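Below: one structure, written as structure tokens.
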Amino acid sequence: MRTRSLKSASSSGGGEEAGADEADAAGYFPPLIGFITSKWGPPLDLTNPDAYTWWQERIVKGYANLEIEGYKLDYAEDVTVGILGKRTAWEFADGSTERTMHKRYSELYHRVYAETLPPTGGFLLCRAATFGGQRLASVIWPGDLEASLRRHREKADGYVSVGGLPAAVSAGLSLGPSGFPFFASDTGGYRHSPPSRETFTRWFEHTALTPVMQIGTSTNDVAWEPTPENGFDAAMLGWYREYTRLHLRLFPYLWTYAERLAVDGRPIMRALGLAHPELGVHPPDIYLLGDELLVAPVITAGATSREVTFPAGAWVDWFNGQVFEGSQSVEVDAPLEKLPLYLRAGGIVPLLRPTIDTLAPVAEGAPIDSYAADPGLLYPVTTPGPASEFELFDGTLVDQDAGPELLALALYPGDTFDQGAVFTVIAAGAPPLAVADNRSPLAELPDLAALEGASSGWLHLPERGGTLLIKVGPGSHAIAVTPG
């Protein structure tokens, strides 16, 4: 397997960083240094062209030959305008002070790394930014949240919490409308790690349904390494596999919205009250992911149900096909292994194949299913409802229109997804009387193995409120389903 490497770094050139003495002797630190809030020493003066070049050369020399494709850039928050009512005076080589560099420093810090990235595929995961910083900061993470389900300023044993999963959800929902569409908290939290089995599960359920899923705690917990401290087990590992793969499969859906940002600027994650102000409610923990998915993560310790407010229209439970009428609030079941996740009736969510392992390139012959090696068949998920269409980033167009006597589906391939598709229609009810593709009958197949091996055909399964699977090959398709 080929890994794609991301290097963690801090904004400091002092402390234990190699070369600190050299930087000090050359005058690469600010002429006047204010109060230092980090443990790593003062930041480099990146307004000094010589200091900027020196640090960038160290980045290239140290990491470029290692095929580093990105950086997780910590901190850049030392330059404050004051603490406890007193000014913390800073001066920089270009004449700037803390009053202008308080937020501008992060832009310089990000740029010195961004200019070393590969021309394609490189990115920065950043902690601090300001207006305009999204030009350089590909993804923002909120810093060191607590590995818990506590809310901000909730009292814990001997300290006041900065917040755990509830704070992560709030941060992601507020950052998108602020112009930073890609947000990634540390799944599981960071401070006071390790997270409990419940905390880690509820957190990965949430981050799986966000544009970026970042896994990491301060104790380096991973789902496949149970310890007495974290309480992880085989059941949780199974849930983790399910949700991380769902996140990968959502790539065509999420990347389509990412491409649309340049056109309409709409955040990919939108708080319910922002997306549907007509409801008159604004819960801090329910959001739309794109236009078709409603996500209601469980963020309360011990909870196995929660209230969900549905926008107008019908909404279908992603996992079991239960239908909920909109414009109401409902208490829904949410056992630990289940994220409340709903598909808008008639909505279309294009997915990658169920076996996908990675989006990254892999070595030839490696037993790893890679999108980069083969985009494969498209797997649009839909449910009968009002007429709708979804145009993917590559130009592929998927249509759905459900009437009392006919369910019409259509596929028009684009530049990437041109090998065919497997439609998944959930909450489809009873088996259909007939399924036709381009006016020719499709064969009913006996099981999933037969469907996987066939070039075309259909299969009905009882789960998820009746699931209809329809497979078609390359080319354009107009599919007609006669309900049973």
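With this note's numbering, the residue at position 65 of the sequence shown is 1309, and numbering never jumps.
Ideal Cβ placement from N, Cα and C applies to all residues, glycine included.
Fair warning: this is a prediction, and the values are worked out from it, not measured in the lab.
Backbone secondary structure at residue 1357 - three-state DSSP: Counting from one through the sequence shown, the residue named residue 1357 turns up at place 113. Reduced to three states, the DSSP call for residue 1357 is helix.
With 16 as the cutoff for other CB atoms within 10 Å, does residue 1603 come out buried or exposed? To locate residue 1603, count along the sequence shown from 1; it is residue 359. Classification for residue 1603: exposed.
For the segment 1344-1419, list the alpha helix (DSSP H) runs that are entirely contained and at least 4 residues long, ordered along the chain. 1409-1419
On a CA-only basis, which of 1457, 1706 and 1420 is nearest residue 1565? Give me that one, please. Locating residue 1565 in the sequence shown gives position 321, counting from the first residue. The candidate whose alpha carbon is nearest that of residue 1565 is 1706.
Quick one: what's got a C-beta closer than 7 Å to residue 1484's C-beta in the same chain, skipping five residues either side? Reading the sequence shown from its first residue, position 240 is the one you call residue 1484. The residues are 1448 and 1467.
If we call anything under 8 Å between Cβ atoms a contact, is residue 1543 one with residue 1446? Taking the sequence shown and counting its residues from 1, the one referred to as residue 1543 is at position 299. Taking the sequence shown and counting its residues from 1, the one referred to as residue 1446 is at position 202. Contact: yes.
Going by the CB atoms, is the gap between residue 1666 and residue 1623 shorter than 8 Å? Reading the sequence shown from its first residue, position 379 is the one you call residue 1623. Reading the sequence shown from its first residue, position 422 is the one you call residue 1666. The answer is yes: Cβ separation under 8 Å.
Give the single residue among 1547, 1571 and 1501 whose Cα lies nearest to the Cα of residue 1525. If you number the sequence shown from 1, residue 1525 lands on position 281. Per the Cα distances, 1571.
Pull up the distance between the alpha-carbon of residue 1443 and that of residue 1491, whole angstroms please. Along the sequence shown, read from residue 1 onward, the residue named residue 1443 stands at position 199. Along the sequence shown, read from residue 1 onward, the residue named residue 1491 stands at position 247. Going by the C-alpha atoms only, they are around 19 Å apart.
Looking only at its chain, what residues have a beta carbon closer than 6 Å to the beta carbon of residue 1245, apart from the 5 residues adjacent to it on each side? Reading the sequence shown from its first residue, position 1 is the one you call residue 1245. In this prediction, residue 1245 has a pLDDT of 43, which is less than 50 and means its spatial position is unreliable; what the coordinates show is noted afterwards. 1606, 1610 and 1612, listed in sequence order.
For residue 1319, the three-state DSSP class (helix, strand or coil): For this step, residue 1319 is matched to residue 75 along the sequence shown. Correct three-state label for residue 1319: coil.
Do residue 1393 and residue 1408 have their beta-carbon atoms positioned less than 8 Å apart in this structure? Position 164 of the sequence shown, counted from the start, is the residue given in the question as residue 1408. Position 149 of the sequence shown, counted from the start, is the residue given in the question as residue 1393. For residue 1408 and residue 1393, yes; Cβs fall inside 8 Å.
Between which two residues does the beta strand (DSSP E) carrying residue 1304 extend? As a working note, residue 1304 is residue 60 in the sequence shown. First-last for residue 1304: 1293-1307, but that is the alpha helix (DSSP H), not the beta strand (DSSP E).
With H, G and I counted as helix, E and B as strand and the rest as coil, what does DSSP make of residue 1724? Numbered from its first residue, the sequence shown carries residue 1724 at position 480. The answer is strand: DSSP assigns residue 1724 an E or B state.
Candidates 1282, 1291, 1385 and 1283: which alpha carbon is nearest residue 1273's? As a first step, residue 1273 is located in the sequence shown; it is residue number 29 there, counting from the start. Taking only the C-alpha atoms, the option nearest residue 1273 is 1291.
Assuming residue 1562 contacts residue 1586 (C-beta within less than 8 Å), just tell me the rounded distance between them. As a working note, residue 1562 is residue 318 in the sequence shown. As a working note, residue 1586 is residue 342 in the sequence shown. Contact holds; Cβ gap of about 6 Å.
Three-state secondary structure assigned by DSSP to residue 1584: The sequence position of residue 1584 within the sequence shown is 340, counting from 1. If DSSP states are grouped into helix, strand and coil, residue 1584 belongs with coil.
Which word fits residue 1474, buried or exposed, when buried means at least 16 other C-beta atoms lie within 10 angstroms of its C-beta? Numbered from 1 along the sequence shown, position 230 holds the residue referred to as residue 1474. By the neighbour-count rule (16 or more Cβ atoms within 10 Å), residue 1474 is buried.
At what residues does the alpha helix (DSSP H) containing residue 1269 begin and finish? Numbered from 1 along the sequence shown, position 25 holds the residue referred to as residue 1269. Per DSSP, residue 1269 belongs to the alpha helix (DSSP H) from 1264-1270.
Output needed for residue 1581: all residues of its chain with C-beta closer than 6 Å, excluding positions within five of it in sequence on either side, in chain order. To locate residue 1581, count along the sequence shown from 1; it is residue 337. Answer for residue 1581: 1483, listed in chain order.
Close beta carbons around residue 1728, own chain, < 6 Å, minus the five adjacent residues each side: For this step, residue 1728 is matched to residue 484 along the sequence shown. Hits under 6 Å: 1674, 1675, 1676 and 1677.
Can you tell me the Cβ-Cβ gap for residue 1437 and residue 1381, rounded? I've got them flagged as a contact below 8 Å. Mapped onto the sequence shown, residue 1437 falls at position 193. Mapped onto the sequence shown, residue 1381 falls at position 137. In fact, because the Cβ distance is near 25 Å, the residues do not count as touching under 8 Å.
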